[in-house]
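**Student:**
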Amino acid sequence: MVFPQLTPAPVIYLVEPFGGSVRRQNPNMPHVFWDDAAVTRGDGIFESILVRGGKPRNLGKHFKRFVRSAELLGLPEPGREHWVRATEEAVADYYRERGDAADIEAKVTWTMTRGRETTGVPTAWITVRPLPESVLRQRERGVSVLTTPRGYAIDLDVPWMRDGAKTLNYALTMAALRWAGEQGADDIIYIDPDTGRVLEGATSSVLMVKKGGRLRTPAPGAGVMAGTTQAAVFEHAEKLGWKCKAKDIYLGELLKAESVWLVSSTRIAARVKRLDGEKLPAPDNAAEIRQLIENAVA
Numbered sequence: 000m001v002f003p004q005l006t007p008a009p010v011i012y013l014v015e016p017f018g019g020s021v022r023r024q025n026p027n028m029p030h031v032f033w034d035d036a037a038v039t040r041g042d043g044i045f046e047s048i049l050v051r052g053g054k055p056r057n058l059g060k061h062f063k064r065f066v067r068s069a070e071l072l073g074l075p076e077p078g079r080e081h082w083v084r085a086t087e088e089a090v091a092d093y094y095r096e097r098g099d100a101a102d103i104e105a106k107v108t109w110t111m112t113r114g115r116e117t118t119g120v121p122t123a124w125i126t127v128r129p130l131p132e133s134v135l136r137q138r139e140r141g142v143s144v145l146t147t148p149r150g151y152a153i154d155l156d157v158p159w160m161r162d163g164a165k166t167l168n169y170a171l172t173m174a175a176l177r178w179a180g181e182q183g184a185d186d187i188i189y190i191d192p193d194t195g196r197v198l199e200g201a202t203s204s205v206l207m208v209k210k211g212g213r214l215r216t217p218a219p220g221a222g223v224m225a226g227t228t229q230a231a232v233f234e235h236a237e238k239l240g241w242k243c244k245a246k247d248i249y250l251g252e253l254l255k256a257e258s259v260w261l262v263s264s265t266r267i268a269a270r271v272k273r274l275d276g277e278k279l280p281a282p283d284n285a286a287e288i289r290q291l292i293e294n295a296v297a
C-alpha cells in the first residue's frame with residue numbers, strides 16, 4: 000500500500016516514557032497499534048505547546064500540567080529532562096528541514112497513552128507541525144461564541160472523576176464545536192445551566208477584562224481546567240500592576256465586561272466579538288490587552 004504524503008510533513012519523535020530512547024518516526028508510516036488505549040478508549044493525556052522564535056514557550060507550566068495529568072490517570076511520571084530534550088531536538092529538526100525562519104510559529108504536541116492492551120506499556124510521542132490557518136485567522140479576527148452546558152452535572156463529588164487532567168477523550172468537545180459551527184459560530188463557552196456560572200472554552204480559558212485594570216478568570220476546579228496561558232498572563236499582568244483574580248464568573252458579567260477573550264497555548268488570544276448572538280463592542284484598549292497576552296507568552 001502507498002500512503003499519501005503529508006504536506007508539509009510533521010516531525011514525529013517516539014518517546015520511551017520511562018526515560019529510555021527517543022527515535023525519529025516516518026510520518027507516512029503508522030506507529031500506534033490497533034489495541035492502543037488511545038484508539039480504543041481515548042485513554043491518555045496530551046499537551047499542545049506554541050513554538051515561537053524557534054523555541055517552545057511556557058514549557059515549565061505545560062510540563063507541570065502534563066505530570067499532573069499523568070498522576071491523575073495513573074500513568075508513569077514523565078521525566079522532565081527526557082521530554083524537554085526530545086522536544087528541543089524535534090523542534091530543531093522541524094525548522095532545519097523546512098527552512099522556516101525562527102519567526103514562523105509552529106505547534107508541539109506531547110501525547111502519552113496507557114499503551115497496548117496486550118503489553119500494558121505506555122505509548123508516547125512528540126509531534127511538531129505548522130499552526131492551522133484557522134488558528135491564525137481567529138487570532139486576528141476574533142471569534143463568535145455560543146454558550147452551552149457540558150451535558151452533565153459538574154458539582155457532584157465523584158471520587159473517580161479526574162478533573163484537571165488534559166485527556167485524549169475529546170469526542171464530546173469536538174461534537175460541541177461542530178454544533179457551534181452549524182449555528183454559524185466559531186467556538187463555545189461552557190456554563191453551568193443551573194447558575195449561569197462560566198466554566199471554560201472548548202479548548203481555552205475564559206479571560207474577562209473589567210474597568211480599573213482588573214483581569215478575571217473562572218476559578219479552576221470542577222468543570223474548569225487550570226490554563227497554562229491564563230496563568231502566564233496573570234503572572235505577567237500582576238507585575239505591571241493589573242489586579243488579577245480567579246473567581247466565580249457569571250454569564251451576565253461577560254456581557255457587561257470591557258472585553259472577553261479566549262486564551263490558549265497556540266491560538267494565544269482571540270477576542271470574543273459576539274456572544275450568543277449579542278455583539279460585544281471593541282474596547283478602546285483591545286490592542287493593549289492583546290499585547291499584554293502576547294508578551295506573557297513571549
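According to numbering that gives the first Met the number 0, the sequence shown is numbered sequentially starting from 0.
Don't be surprised by glycine CBs; every beta carbon is placed ideally from N, CA and C.
How big is the Cα-Cα spacing for Gly141 and Thr122?
**Tutor:** Within the sequence shown, the letter at position 142 stands for residue 141. Within the sequence shown, the letter at position 123 stands for residue 122. Cα to Cα, the separation comes out at about 37 Å.
**Student:** Would you list, in sequence order, the uninterrupted beta strand (DSSP E) runs of no fewer than 3 residues that lie entirely inside the stretch 240-291?
**Tutor:** 242-245, 258-263, 267-274
**Student:** Within its chain, find whatever has a CB closer than 6 Å to the CB of Val10; leave out the 5 residues flanking it on each side and keep chain order.
**Tutor:** Here residue 10 refers to the residue found at position 11 when the sequence shown is read from its first residue. Spatial neighbours of Val10 in its own chain (CB-CB distance under 6 Å, excluding positions within 5 residues in sequence) are listed in chain order as Ala89, Asp92, Tyr93, Val127.
**Student:** Ignoring anything shorter than 3 residues, give me the beta strand (DSSP E) runs that lie fully in the stretch 15-79, in order along the chain.
**Tutor:** Entirely contained in the stretch 15-79, the beta strand (DSSP E) runs reaching 3 residues are, in chain order, 21-24, 43-51.
**Student:** So, for Glu46: in the same chain, excluding its five sequence neighbours on each side, which residues have a beta-carbon less than 6 Å away from its beta-carbon?
**Tutor:** Within the sequence shown, numbered from 1, the residue matching residue 46 stands at position 47. Once the five neighbours on either side are set aside, the close Cβ partners of Glu46 are His61, Phe65, Trp109.
**Student:** Can you tell which of Ala36, Leu58, Trp82 has the C-alpha that lies nearest to the C-alpha of Leu72?
**Tutor:** Numbered from 1 along the sequence shown, position 73 holds the residue referred to as residue 72. Ranking the options by Cα distance to Leu72, first place goes to Ala36.
**Student:** Could you give the residue range of the beta strand (DSSP E) that holds Met111?
**Tutor:** On the sequence shown, position 112 is the one that residue 111 refers to. From DSSP, the beta strand (DSSP E) with Met111 extends over 105-112.
**Student:** Quick test of your reading: Glu76 and Ala69, contact by CB under 8 Å. State the CB separation rounded to the nearest angstrom.
**Tutor:** Reading the sequence shown from its first residue, position 77 is the one you call residue 76. Reading the sequence shown from its first residue, position 70 is the one you call residue 69. Correct: roughly 6 Å between the Cβ atoms.
**Student:** How big is the Cα-Cα spacing for Trp260 and Thr112?
**Tutor:** Working through the sequence shown from its first residue, we reach residue 260 at position 261. Working through the sequence shown from its first residue, we reach residue 112 at position 113. About 31 Å.
**Student:** According to DSSP, is Lys209 part of a helix, a strand, or is it coil?
**Tutor:** Indexing the sequence shown from 1 puts residue 209 at position 210. The three-state reading of DSSP puts Lys209 in strand, counting E and B together.
**Student:** With H, G and I counted as helix, E and B as strand and the rest as coil, what does DSSP make of Gly226?
**Tutor:** In the sequence shown, the residue the question calls residue 226 occupies position 227. Correct three-state label for Gly226: coil.
**Student:** Can you tell which of Gly43, Arg266, Ala286, Ala221 has the C-alpha that lies nearest to the C-alpha of Pro16?
**Tutor:** Residue numbering aside, residue 16 sits at position 17 when the sequence shown is read from its first letter. The shortest Cα separation from Pro16 among Gly43, Arg266, Ala286, Ala221 belongs to Gly43.
**Student:** So, is Glu199 buried or exposed, given that buried needs 16 or more other C-beta atoms within 10 angstroms?
**Tutor:** As a working note, residue 199 is residue 200 in the sequence shown. Burial of Glu199 is indicated by the presence of at least 16 other C-beta atoms within 10 angstroms of its C-beta.
**Student:** Does DSSP put Tyr12 in a helix, in a strand, or in coil?
**Tutor:** Indexing the sequence shown from 1 puts residue 12 at position 13. In the structure shown, Tyr12 sits in a strand (DSSP, three-state: E or B).
**Student:** Are the CB atoms of Tyr12 and Trp124 within a distance shorter than 8 Å?
**Tutor:** Position 125 of the sequence shown, counted from the start, is the residue given in the question as residue 124. Position 13 of the sequence shown, counted from the start, is the residue given in the question as residue 12. Taking 8 Å as the Cβ cut-off, Trp124 and Tyr12 qualify as a contacting pair.
**Student:** Looking at Leu176 and Ala201, is the spacing between their C-beta atoms short of 8 Å?
**Tutor:** As a working note, residue 201 is residue 202 in the sequence shown. As a working note, residue 176 is residue 177 in the sequence shown. Taking 8 Å as the Cβ cut-off, Ala201 and Leu176 qualify as a contacting pair.
**Student:** Find out if the Cβ-Cβ distance for the pair Arg138, Ile267 is shorter than 8 Å.
**Tutor:** By 1-based counting over the sequence shown, the position of residue 138 is 139. By 1-based counting over the sequence shown, the position of residue 267 is 268. Their beta carbons are under 8 Å apart, which means Arg138 touches Ile267 by this criterion.
**Student:** Closest by CA to Val107, which one among Trp241, Gly53, Leu135?
**Tutor:** Within the sequence shown, the letter at position 108 stands for residue 107. Comparing Cα-Cα distances from Val107 to each of Trp241, Gly53, Leu135, the minimum goes to Gly53.
**Student:** Could you check whether Ala256 and Lys209 sit closer than 8 Å to each other, using their CB atoms as the reference points?
**Tutor:** Working through the sequence shown from its first residue, we reach residue 209 at position 210. Working through the sequence shown from its first residue, we reach residue 256 at position 257. Yes, these two residues count as a Cβ contact at 8 Å.
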